[in-house]
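Protein chains in written order, with the working numbering: chain A, 13 to 232; chain B, 13 to 232.
All C-beta atoms, glycine included, are put in the ideal place defined by N, C-alpha and C.
Scroll down for the structure; my scribbles are underneath it.
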DNA sequence: GACAGCATACCGACCGTATAGTATGTATAT
DNA sequence: ATATACATACTATACGGTCGGTATGCTGTC
């Protein structure tokens with residue numbers, strides 16, 4: 013909150029501070045409800061700094077989506093879920109990891125680009141496209157492992173690795189909405205649990221505490 | 013777009029027209045980006061009418077969420093997916109139905125209360141609660157059938173009917189986000205397909221074109 | 001190594017407009 | 001006559017964006 017003075021060490025990173033402020037404030041209040049002044053105050057910079065770095069509020073939106081894409085890419089690339097040798101194990105580790113990082117305040121675990129997409133998909137194509145790139149770019153990082161696991165373990169599948177990768181993101185995004193509605197991150201984790209169960213089912217891998225037993229359908 | 017005159021037959025339904033305008037415009041532009049004037053213009057009424065029926069813009073938001081809850085409840089209650097005798101068949105018919113109504117322009121098939129939840133969850137508790145009631149109220153209509161199907165066909169389950177009902181809504185909401193991001197309703201339908209496959213798996217029911225064959229896991 | 005010249009980074013007052021909300025008046029139904 | 005259902009004109013403010021200015025650092029020249 014301390015404003016950088018003329019010769020403060022923070023000089024030079026107003027842009028980054030604004031992008032970080034955007035990341036957090038927009039996740040709390042949404043894009044349209046977040047004013048330029050909100051962002052400046054939260055970043056501890058002035059309006060002059062804002063419009064020095066960003067031509068318009070919308071261009072800040074694009075930059076924020078790209079910043080999100082970059083930082084989350086790096087974050088996931090260095091995450092430990094890539095360690096297992098088996099591709100399916102990597103996928104399950106990914107899902108466990110996604111579940112583990114759903115914690116704290118809503119704005120800390122929800123997805124900036126998912127939030128912005130909802131608001132601007134029809135009115136700000138530039139922002140929407142940047143958000144779209146981030147979402148589908150991340151989904152694409154899962155495809156190779158899904159494809160490998162599919163080839164290794166499944167026959168006669170009627171789904172593509174691409175669609176399943178996208179589905180994982182849909183489940184996460186939807187879980188965030190329910191979590192916001194109820195004010196409870198457990199609802200997002202709960203959906204990831206169902207998704208994990210789906211993966212175990214379609215890849216035919218037993219859970220530690222499995223539900224592999226079935227009752228014979230009774231006639232009603 | 014035609015404004016009702018003093019003695020036009022539309023007199024008396026400004027409130028409904030505003031709620032319908034809210035339903036459509038907010039799904040396009042989002043709540044914050046939708047101005048009161050936008051709504052008045054779209055409904056063909058004046059500001060006086062707006063603030064006669066709604067104390068504030070936020071109270072319109074609450075009313076719109078409640079209107080959505082009422083109209084969608086009636087819509088789903090009279091839908092044909094309740095016909096099958098078997099509870100699991102009813103659930104699968106529900107999911108087919110949800111898939112079938114994902115069509116046309118984005119604002120025609122997406123969920124008003126999901127959209128609003130994203131925006132206002134932190135800043136307008138009254139709206140969020142109304143949205144929350146709509147989402148979880150609808151999810152609750154699925155619980156009895158899920159519970160019945162579970163008791164009929166599953167043993168040793170580690171999931172509750174309640175959580176699975178919520179998960180269906182999460183998948184739908186998430187599918188809408190991806191559809192908005194890509195501008196393509198197919199992405200929402202695709203996620204429903206995965207959800208249907210999940211239901212078939214956990215309830216152990218064969219698909220017409222099944223993927224019940226599995227390859228023996230190869231060593232990598 | 002001092003200094004001119006220049007670009008970048010930022011400041012903060014200001015502007016025009018859009019926005020939520022109000023005040024007051026009027027037509028219609030009961 | 002009174003309440004309801006609007007219509008119209010108006011207000012205060014918040015908002016995105018502009019503009020002239022200043023501080024800081026870099027670069028080449030002598």
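Residue 205(A) versus residue 115(B): straight-line alpha-carbon distance, rounded: Here residue 205(A) refers to the residue found at position 193 when the first chain is read from its first residue. Here residue 115(B) refers to the residue found at position 103 when the second chain is read from its first residue. Cα-Cα distance, rounded: 29 angstroms.
Buried/exposed call for residue 73(A), threshold 16 Cβ in 10 Å: Counting from one through the first chain, the residue named residue 73(A) turns up at place 61. Buried: at least 16 other Cβ atoms inside 10 Å.
Nonlocal neighbours in the same chain, by C-beta distance under 6 angstroms from residue 35(B), ignoring five residues either side: Reading the second chain from its first residue, position 23 is the one you call residue 35(B). Around residue 35(B): 124.
Partners in chain B for residue 181(A), counting only beta-carbon separations shorter than 8 angstroms: What you label residue 181(A) is simply residue 169 of the first chain in a count that begins at 1. Those are 186 and 190, listed as they occur along chain B.
Assumed close pair residue 99(B), residue 105(B) - CB separation to whole angstroms, cut-off 8 angstroms: Translated into the one-based positions of the second chain, residue 99(B) becomes position 87. Translated into the one-based positions of the second chain, residue 105(B) becomes position 93. No, residue 99(B) and residue 105(B) are not in contact; Cβ-Cβ is about 10 angstroms, not under 8 angstroms.
Nearest-angstrom Cα separation, counted from residue 188(A) out to residue 183(B): Residue 183(B) sits at position 171 when you count from the first residue of the second chain. Residue 188(A) sits at position 176 when you count from the first residue of the first chain. One C-alpha to the other measures close to 11 angstroms.
Against chain B: residues of the region 53 to 75 of chain A by CB proximity under 7 angstroms: none
Listed by chain order, chain B residues near residue 210(A) by CB distance under 9 angstroms: Here residue 210(A) refers to the residue found at position 198 of the first chain. Within 9 angstroms Cβ-Cβ: 206, 207, 209, 210, 213 and 214.
Delimiting residues of the alpha helix (DSSP H) encompassing residue 189(B): Position 177 of the second chain, counting from 1, holds the residue named residue 189(B). Its alpha helix (DSSP H) spans residues 173 to 194.
Contact set between residue 131(B) and chain A, taken where Cβ atoms lie within less than 7 angstroms: The sequence position of residue 131(B) within the second chain is 119, counting from 1. Neighbours of residue 131(B) on chain A, chain order: 42, 45 and 131.
Own chain, CB closer than 6 angstroms to residue 153(A), minus 5 neighbours either side, in chain order: Taking the first residue of the first chain as 1, we reach residue 153(A) at position 141. Around residue 153(A): no qualifying Cβ.
Cutoff 8 angstroms: residue 193(B) Cβ touching any chain A Cβ: To locate residue 193(B), count along the second chain from 1; it is residue 181. Yes, because at least one Cβ of chain A sits closer than 8 angstroms to the Cβ of residue 193(B).
Sequence ranges, alpha helix (DSSP H) only - wholly within the region 52 to 100 of chain A, length at least 4: 59 to 65 and 69 to 89
Pairwise C-alpha distance: residue 120(A) and residue 84(A): As a position in the first chain, residue 84(A) is number 72, starting the count at 1. As a position in the first chain, residue 120(A) is number 108, starting the count at 1. If you take the alpha carbons of residue 84(A) and residue 120(A), they lie about 13 angstroms apart.
Any C-beta of chain B under 8 angstroms from that of residue 110(A): By 1-based counting over the first chain, the position of residue 110(A) is 98. Closer than 8 angstroms: no.
Residues near residue 129(B) by beta carbon distance below 8 angstroms, same chain, minus five either side: Your numbering for residue 129(B) matches position 117 in the second chain. Excluding residues within five positions, the ones whose Cβ falls inside 8 angstroms are 140, 143, 144 and 147.
Three or more C-beta pairs below 8 angstroms linking the region 170 to 184 of chain B and the region 203 to 218 of chain A: yes
Closest Cα partner of residue 179(B) within the set 211(B), 162(B) and 191(B): If you number the second chain from 1, residue 179(B) lands on position 167. Of the candidates 211(B), 162(B) and 191(B), the one whose C-alpha sits nearest the C-alpha of residue 179(B) is 211(B).
Other residues of its chain near residue 235(B): CB distance less than 8 angstroms, five sequence neighbours each side excluded: Residue 235(B) cannot be examined here, being either before or after the span of chain B that is shown, 13 to 232.
Beta-carbon separation (whole angstroms), residue 127(B) vs residue 201(B), contact threshold 8 angstroms: Counted from its first residue, the second chain places residue 127(B) at position 115. Counted from its first residue, the second chain places residue 201(B) at position 189. Not a contact, Cβ separation roughly 19 angstroms.
Under 7 angstroms from the C-beta of residue 104(B): neighbouring residues of chain A: Walking along the second chain from the start, residue 104(B) turns up at place 92. Neighbours of residue 104(B) on chain A: none; closest Cβ ~14 angstroms, over 7 angstroms.
Proximal chain A residues relative to residue 178(B), where beta-carbon distance stays under 7 angstroms: Walking along the second chain from the start, residue 178(B) turns up at place 166. Ordered by position in chain A, the residues that pass the 7 angstroms Cβ test against residue 178(B) are 190, 199 and 202.
Coarse secondary structure for residue 32(A), derived from DSSP in three states: Position 20 of the first chain, counted from the start, is the residue given in the question as residue 32(A). Helix, per DSSP.
Residue 135(A): contacting residues in chain B (beta-carbon distance under 9 angstroms): Translated into positions along the first chain, residue 135(A) becomes position 123. Going along chain B in sequence order, the residues near residue 135(A) (Cβ under 9 angstroms) are 40, 41, 42 and 45.
Between the CA atoms of residue 62(B) and residue 137(B) - distance to the nearest angstrom: Taking the first residue of the second chain as 1, we reach residue 137(B) at position 125. Taking the first residue of the second chain as 1, we reach residue 62(B) at position 50. Approximately 22 angstroms between the Cα atoms of the pair.
Residue-level contact to chain A via CB, residue 80(B), 8 angstroms cutoff: Taking the first residue of the second chain as position 1, residue 80(B) is located at position 68. With 8 angstroms as the cut-off, residue 80(B) does not count as an interface residue toward chain A.
Exposed unless 16 or more other CB atoms sit within 10 angstroms - verdict on residue 60(A): Taking the first chain and counting its residues from 1, one reaches residue 60(A) at position 48. It is exposed - the Cβ of residue 60(A) has fewer than 16 other Cβ atoms within 10 Å.
Chain B residues whose Cβ lies nearer than 9 angstroms to that of residue 118(A): Residue numbering aside, residue 118(A) sits at position 106 when the first chain is read from its first letter. Within 9 angstroms Cβ-Cβ: 133 and 134.
Cβ pair residue 192(B), residue 150(A) closer than 8 angstroms: Translated into the one-based positions of the second chain, residue 192(B) becomes position 180. Translated into the one-based positions of the first chain, residue 150(A) becomes position 138. No, they are not a contact pair.
Distance CB(residue 82(B))-CB(residue 42(A)) smaller than 8 angstroms: By 1-based counting over the second chain, the position of residue 82(B) is 70. By 1-based counting over the first chain, the position of residue 42(A) is 30. For residue 82(B) and residue 42(A), no; Cβs fall outside 8 angstroms.
Cβ shell of residue 111(A) (< 6 angstroms), same chain only, five flanking positions each side left out: Position 99 of the first chain, counted from the start, is the residue given in the question as residue 111(A). Taken in chain order, the residues that qualify are 201 and 204.
Three-state secondary structure (DSSP) of residue 211(B): Against the second chain, residue 211(B) aligns to sequence position 199. In the structure shown, residue 211(B) sits in a helix (DSSP, three-state: H, G or I).
Exposure of residue 46(A), with buried meaning 16 or more beta-carbon neighbours within 10 Å: Counting from one through the first chain, the residue named residue 46(A) turns up at place 34. With 16 or more other Cβ atoms within 10 Å, it is buried.
Three-state secondary structure (DSSP) of residue 46(A): Within the first chain, residue 46(A) is the residue found at index 34, counting from 1. Three-state DSSP puts residue 46(A) in coil, outside helix and strand.
Reduced DSSP secondary structure (H/G/I, E/B, other) of residue 11(A): This structure gives no information on residue 11(A), because the portion of chain A shown stretches from 13 to 232.
Anticipated Cβ contact below 8 angstroms, residue 161(B) with residue 215(B), distance rounded: What you label residue 161(B) is simply residue 149 of the second chain in a count that begins at 1. What you label residue 215(B) is simply residue 203 of the second chain in a count that begins at 1. Indeed, because the Cβ distance is near 6 angstroms, the residues count as touching under 8 angstroms.
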